[in-house]
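Before any comments, here is the structure.
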Amino acid sequence: MKREKILLGIVLVVLGVIIHLLPEINNFIFYQINNFHFHWLDTIMLPITYCGDGTVLAIVALGLWRLRGWRKFLWLVLILISAGILVQMIKYFFPSPRPSAVFPDIHILGSVLKARSFPSGHTASTFGLISFLSGEFPQLGTFLWVMAILIGFSRVYVGAHFPADVLFGAGLGYLVAKIYMMIWQHRRKVGKE
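Just add 204 to wherever you are in the sequence shown, counting from 1, and you've got my numbering.
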């Protein structure tokens with residue numbers, strides 16, 4: 205695994221932390237995205253944001269089991285569980301309000317969430333999943349990455365998260381997946397020798 209691939213995750217995590225620590229920038233970017241809404245875009249963004257839900261990710265993981273076997277399925281489950289645990293630990297130890305708890309006048313689609321904003325669990329899980337799947341199905345790589353980015357963007361658009369939450373979550377999910385993929389490749393390499 206090349207350093208550049210890990211570096212992307214580190215950059216996203218660091219950017220997420222920096223922007224989180226600069227609320228005026230975080231809020232400004234949030235408002236720019238959240239205020240850019242149209243009815244037709246609302247009807248697209250809500251289903252896109254739901255693509256990052258655990259149920260959808262579980263269905264995709266089960267599809268991987270069917271297509272690639274139980275070993276790959278278990279590695280993907282490890283990635284998703286690990287990313288989920290890390291997200292929940294960070295949310296617990298560093299509680300952060302959701303945009304709706306900070307700003308009364310934002311555009312919200314879906315549930316009104318008030319707490320535990322940082323980092324975005326939807327984005328972390330999605331980026332973990334897509335990092336793994338794009339390696340398994342390289343012909344779908346561009347489509348998968350566009351979907352991951354849209355899901356992350358949608359979390360800000362629907363008013364569920366700040367941009368820093370999404371950046372950090374994306375980097376975290378990406379790093380967790382890449383670390384597990386490095387372990388998987390090392391185990392396969394050692395097994396062949």
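Note that the Cβ used here is the ideal one computed from N, Cα and C, for glycine as well.
**Message:** Within the continuous alpha helix (DSSP H) that includes Asn231, where are the two ends?
**Reply:** Here residue 231 corresponds to residue number 27 of the sequence shown, with the count starting at 1. Note, Asn231: alpha helix (DSSP H), Pro227 to Asn238.
**Residues near Ser286 by beta carbon distance below 6 angstroms, same chain, minus five either side** = As a first step, residue 286 is located in the sequence shown; it is residue number 82 there, counting from the start. Within the same chain, Ser286 has close Cβ partners Val380.
**Request:** Note down the Cα distance separating Ser304 from Phe341, rounded to an integer number of angstroms.
**Result:** Reading the sequence shown from its first residue, position 100 is the one you call residue 304. Reading the sequence shown from its first residue, position 137 is the one you call residue 341. The straight-line gap from Cα to Cα measures roughly 38 angstroms.
**Asked** Is Lys382 helix, strand or coil by DSSP?
**Response** Position 178 of the sequence shown holds residue 382. Lys382 falls in the helix class under three-state DSSP.
**Asked** By DSSP, does Ser324 sit in helix, in strand, or in coil?
**Response** If you number the sequence shown from 1, residue 324 lands on position 120. Per DSSP, reduced to three states, the secondary structure at Ser324 is coil, with no helix or strand assignment.
**Item:** Limits of the alpha helix (DSSP H) - the one that Leu295 falls within
**Value:** Numbered from 1 along the sequence shown, position 91 holds the residue referred to as residue 295. Residue identity check: residue 295 is Lys in the sequence provided, not Leu. Lys295 -> alpha helix (DSSP H) spans Trp274 to Phe297.
**Prompt:** Which class does Leu348 belong to by DSSP, given the choice of helix, strand or coil?
**Reply:** For this step, residue 348 is matched to residue 144 along the sequence shown. It is helical.
**Prompt:** Where do the N-terminal and C-terminal ends of the alpha helix (DSSP H) with Leu245 fall, by residue?
**Reply:** The residue labelled residue 245 in the question sits at position 41 within the sequence shown. Where Leu245 is concerned, the enclosing alpha helix (DSSP H) stretches over His243 to Tyr254.
**Asked** Measuring CA to CA, which of Met249, Ile222, Val215 and Tyr378 is closest to Ala364?
**Response** The residue given as residue 364 occupies position 160 in the sequence shown. The candidate whose alpha carbon is nearest that of Ala364 is Met249.
**Asked** Tell me which same chain residues have a C-beta within less than 8 angstroms of the C-beta of Ala265, skipping the five on either side of it?
**Response** Residue numbering aside, residue 265 sits at position 61 when the sequence shown is read from its first letter. Closer than 8 angstroms at the Cβ level, and outside the excluded window around Ala265, lie Phe277, Leu280, Val281, Leu284 and Leu333.
**Asked** To the nearest angstrom, how far is it from the Cα of Val288 to the Cα of Phe297?
**Response** Taking the first residue of the sequence shown as 1, we reach residue 288 at position 84. Taking the first residue of the sequence shown as 1, we reach residue 297 at position 93. Rather than Val, the amino acid found at residue 288 in this sequence is Gly. Across the structure, Gly288 and Phe297 are spaced so that their CA atoms are roughly 14 angstroms apart.
**Item:** Pro323 beta carbon less than 7 angstroms from that of Val291
**Value:** Within the sequence shown, residue 291 is the residue found at index 87, counting from 1. Within the sequence shown, residue 323 is the residue found at index 119, counting from 1. In contact: Val291 and Pro323 (Cβ atoms closer than 7 angstroms).
**Item:** Contact belief for Phe372 with Val221 at Cβ below 8 angstroms, rounded distance in angstroms
**Value:** Here the question's residue 372 lines up with position 168 in the sequence shown. Here the question's residue 221 lines up with position 17 in the sequence shown. Beta-carbon to beta-carbon, Phe372 and Val221 are separated by about 6 angstroms, close enough to satisfy the 8 angstroms threshold.
**Nearest-angstrom Cβ-Cβ length linking Thr327 and Gly356, presumed shorter than 8 angstroms** = Residue numbering aside, residue 327 sits at position 123 when the sequence shown is read from its first letter. Residue numbering aside, residue 356 sits at position 152 when the sequence shown is read from its first letter. 4 angstroms between Cβ atoms; contact.
**Chain-order list of residues whose beta-carbon lies under 6 angstroms from that of Met205 (same chain, five-residue window excluded)** = In the sequence shown, residue 205 corresponds to position 1, counting from 1. In this predicted model, Met205 has a pLDDT of only 48, less than 50, meaning its place in the structure is not dependable enough to derive any value.
**Request:** May I ask you to report which of helix, strand or coil DSSP gives Asp309?
**Result:** Here residue 309 refers to the residue found at position 105 when the sequence shown is read from its first residue. Here Asp309 sits in coil by DSSP.
**Item:** DSSP three-state assignment for Phe336, whether helix, strand or coil
**Value:** By one-based count along the sequence shown, residue 336 stands at place 132. Here Phe336 sits in helix by DSSP.
**Request:** Measure the C-alpha to C-alpha separation of Gly267 and Gln236 and round it to an integer number of angstroms.
**Result:** Here residue 267 corresponds to residue number 63 of the sequence shown, with the count starting at 1. Here residue 236 corresponds to residue number 32 of the sequence shown, with the count starting at 1. Going from the Cα of Gly267 to the Cα of Gln236 covers about 37 angstroms.
**Asked** When you compare each of Ser338, Pro301, Asn231 and Asn238 to Lys382 by their alpha carbons, which one comes out closest?
**Response** The residue given as residue 382 occupies position 178 in the sequence shown. Minimum Cα distance to Lys382 is reached at Ser338.
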